[in-house]
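A.B. asks: Protein chains in written order, with our numbering: chain L, 10 to 227; chain E, 10 to 227.
2 protein chains.
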Amino acid sequence: MDTKALRPRTRIQTEKRELILEAALEVFSAHGFRGSTIDQIAEAAGMSKPNLLYYFRRKEEIHETLMQRLLDTWLAPLKELDDIGDPLTELRSYIRRKLEMARDFPRESRLFANEILQGAPRIKPMLEGELKTLVDEKAEVIKGWMRAGKIVKTDPWHLIFSIWATTQHYADFDVQVRAVLGPDRGGDGRFEDAARFLEQLFVDGLKPPCTTPRVQPS
Amino acid sequence: MDTKALRPRTRIQTEKRELILEAALEVFSAHGFRGSTIDQIAEAAGMSKPNLLYYFRRKEEIHETLMQRLLDTWLAPLKELDDIGDPLTELRSYIRRKLEMARDFPRESRLFANEILQGAPRIKPMLEGELKTLVDEKAEVIKGWMRAGKIVKTDPWHLIFSIWATTQHYADFDVQVRAVLGPDRGGDGRFEDAARFLEQLFVDGLKPPCTTPRVQPS
DNA sequence: CAAATTTTTGACCGATTGGACAAACGTTAG
DNA sequence: CTAACGTTTGTCCAATCGGTCAAAAATTTG
């Protein structure tokens, strides 16, 4: 009748589960699901494999739990994108929030990227449901801005994709970015450079400022 | 004295190696290196595991070969970025070439993404050497355009990153793109939409055309 | 054709994997 | 203190992994 599932969580259970999830995030994000072993996660969490399996019965259960939590955090910035306030300011701060997440939660970004790269076998329904709904909704907001002439007319879906791509790139392709830019000389100058660039890209584009070409030569 | 390595390739060897590499690309790009098994690759190539291991002695040898070939193809578009011709046209066609590659060689893109995501354990030297040199060189070209006032002044490295990120996104995050945009209604309208958007993004930015804000109110 | 060589296969191996289990150990409430 | 419950561990298992090997089969060469 009353199964284990119905019983409330113990203090130790809550703590240890959290410990395991933290360790699993570290391992999964670095090696992918199949590339990670329970032993690795257990060691990172400072416990034995059977002990870990006492808290999560299957490897997939850890991954699932991690994934569910991730999606909320991950979509939060987009949810905040609001109709009130200046559109360009709103987009600018959305880009900045996403970039901050790439800086502060690179493991989460990579965990997500790993899942998508392999065809999202475990979260495809969520993408087609929850995610699509949210994006469609926000695309409508952006369309409104375009109709009002507040920003240039373009495809809002691809705009969102390009914001995702450019910001998450700094987390997912971190190794490549570091390799190309060379050793970074302290501080988060790297981050500020990226922020400045992306702001300019999305707001100004590459075309030279209107001044020069506007002045007709004689 | 004369080892196997010195002997020239047989006809069958050439053919079968090609067959294996094609199968391995399929499997590796879908499941990553550790997520793929020799058995899977062998089956995809239509041969037995020991037979496959007759042509490639180790799993890593297949991956290495694949990776070496990939890098040439992958960097070709950037190498073509040339100092001659109009800068904006040059950048536009670079973006288009990269987008075409994401469409025509998505497996290659994912294979590369997988490798980078996991910290590029097998190609880090190549990133810090060959790739960095090439990017630095092209960044200098772009800087020249900026100094000449042909395009707006910005960080050329981050510009290149953002082109990589946005274009490869359509291959690497294909599942997500499809999920959000819904079932695509035939043709490569999807591709053309992305191409149009990226061109607009990189060339025009989001700011509304200069007309309106230029007119100082009162 | 026959010998030499290349290709293919089935059987096998040790290592690693995810996971089961019962026994030992801790903790806590009555 | 003790009984009940929660936690931890060592041992074990079957499946799968990358890879070997010798022998059979196919092919090439003279």
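All residues carry an ideal CB built from backbone N, CA and C; glycine is no exception.
1. At a Cβ threshold of 7 Å, is R43(E) touching chain L?
2. Chain E partners of A188(L), CB-CB under 7 Å?
3. Excluding the 5 residues flanking L97(L) on each side, which residues of the same chain have their C-beta closer than 7 Å to its C-beta?
4. Going by C-alpha distance, which of T19(L), K107(L), L80(L), E124(L) is nearest G44(L)?
5. Spatial neighbours of K25(L) within its chain, please: C-beta separation below 6 Å, excluding the five flanking residues on both sides.
6. Applying the 10 Å Cβ sphere with the 16-neighbour rule, what's the burial state of Q77(E)?
7. Compile a chain-ordered list of the residues in the region 147 to 167 of chain E whose CB is closer than 8 Å to at least one CB of chain L.
8. Mind pulling the chain E residues with CB within less than 7 Å of T175(L)?
9. Tell me, please, whether the region 80 to 87 of chain L touches the region 100 to 111 of chain L by the rule of three or more beta-carbon pairs shorter than 8 Å.
10. Enumerate in chain order the residues of its own chain whose CB-to-CB distance from H40(L) is below 8 Å, with the five nearest sequence positions on each side excluded.
11. Can you list the alpha helix (DSSP H) stretches of 4 or more residues lying completely in the region 130 to 157 of chain L, in chain order?
12. Can you tell me which of the three DSSP states T82(L) falls into?
13. Taking the alpha-carbon positions, what's the D145(L) to G191(E) distance?
14. Would D48(L) pass as an interface residue toward chain E - the criterion being a Cβ-Cβ separation below 7 Å?
15. Rounded to the nearest angstrom, how far is the Cβ of A7(E) from that of Q177(E), given a contact under 8 Å?
16. For the pair the region 169 to 189 of chain E and the region 131 to 138 of chain L, tell me if three or more CB-CB distances fall below 8 Å.
17. Interface residues of chain L around G128(E) at Cβ under 8 Å?
18. Select from R199(E), L126(E), S102(E), L30(E) the residue whose C-alpha is nearest the C-alpha of E73(E).
19. Is the separation between the beta-carbon of F37(E) and that of T163(L) shorter than 7 Å?
20. Roughly how far, in whole angstroms, is the beta-carbon of A53(E) from the beta-carbon of E35(E), given that I think they are within contact range, below 8 Å?
21. Name, going along the chain, the residues of the region 64 to 83 of chain L whose beta-carbon falls closer than 7 Å to a beta-carbon of chain E.
22. Since D202(E) meets chain L, which of its residues come closer than 8 Å, beta carbon to beta carbon?
23. As a quick exercise: from F121(L), R119(L), Q127(L), pick the residue whose alpha carbon is nearest that of T116(E).
24. Using DSSP with H/G/I as helix, E/B as strand and the rest coil, what is T175(L)?
25. Mind checking which residues open and close the alpha helix (DSSP H) that includes M110(E)?
26. If you follow the alpha helix (DSSP H) that I29(L) is in, where does it begin and where does it stop?
27. Could you list the residues in the region 92 to 125 of chain E with a C-beta less than 8 Å from some C-beta on chain L, going in chain order?
28. If you reduce the DSSP assignment to three classes, tell me which class E52(E) lands in.
29. So, for R101(L): in the same chain, excluding its five sequence neighbours on each side, which residues have a beta-carbon less than 8 Å away from its beta-carbon?
30. Among residues of its own chain, excluding the 5 on either side of M10(L), which ones have a beta-carbon nearer than 8 Å to its beta-carbon?
31. Measure the C-alpha to C-alpha separation of D197(E) and M56(E) and round it to an integer number of angstroms.
32. Would you identify the three-state DSSP class for I47(E), choosing helix, strand or coil?
33. Ordered along the chain, which non-local residues of its own chain (more than five positions away) have a Cβ less than 8 Å from that of T220(E)?
34. Using a Cβ-Cβ cut-off of 7 Å, state whether D181(L) counts as contacting chain E.
35. Counting C-beta neighbours from all protein chains within 10 Å, is the total for P165(L) 16 or more, i.e. buried, or is it exposed?
36. Relative to the C-alpha of L79(E), which candidate in T23(E), L140(E), D95(E), T19(E) has its C-alpha closest?
C.D. replies: Well, looking at it:
1. R43(E) counts as touching chain L.
2. The contacting residues are K133, L136, E137, L140, K141.
3. I160, V212
4. If we check each option's Cα against that of G44(L), E124(L) comes out closest.
5. Taken in chain order, the residues that qualify are Y64.
6. exposed
7. G158, K159, I160, V161, T163, D164, W166, H167
8. S171, A174, T175
9. Three or more Cβ pairs drawn from the region 80 to 87 of chain L and the region 100 to 111 of chain L lie within less than 8 Å of each other, which places the two stretches in contact.
10. Q49
11. 141 to 156
12. Here DSSP, grouped into helix, strand and coil, assigns T82(L) to helix.
13. 10 Å
14. no
15. Because chain E spans 10 through 227 in this model, residue 7(E) falls outside it and cannot be assessed.
16. yes
17. A39, V184
18. L30(E)
19. It is not a contact, given that the beta carbons lie outside the stated cut-off.
20. 6 Å
21. Against chain E - using a Cβ distance shorter than 7 Å - the region 64 to 83 of chain L contributes no residues.
22. For a Cβ distance threshold of 8 Å, residue set D164, H167 of chain L lies close to D202(E), ordered along the chain.
23. Checking the sequence, you will find Arg at residue 116(E) rather than Thr. Among F121(L), R119(L), Q127(L), the Cα nearest to that of R116(E) is on Q127(L).
24. Judged by DSSP in its simplified three-state form, T175(L) adopts helix.
25. 96 to 113
26. 20 to 40
27. L97, L100, R119, A122, N123, I125
28. helix
29. E208, F211, V212
30. Since pLDDT at M10(L) reaches only 38, below the 50 mark, its modelled position is unreliable, and the value read off the structure follows with that caveat. The answer is none, since no qualifying residue turns up.
31. 35 Å
32. helix
33. Its pLDDT being 47, under 50, T220(E) is placed unreliably in this model, and the coordinates cannot settle the point.
34. yes
35. Around the C-beta of P165(L), 16 or more other C-beta atoms lie within 10 Å, and the residue is accordingly described as buried.
36. L140(E)
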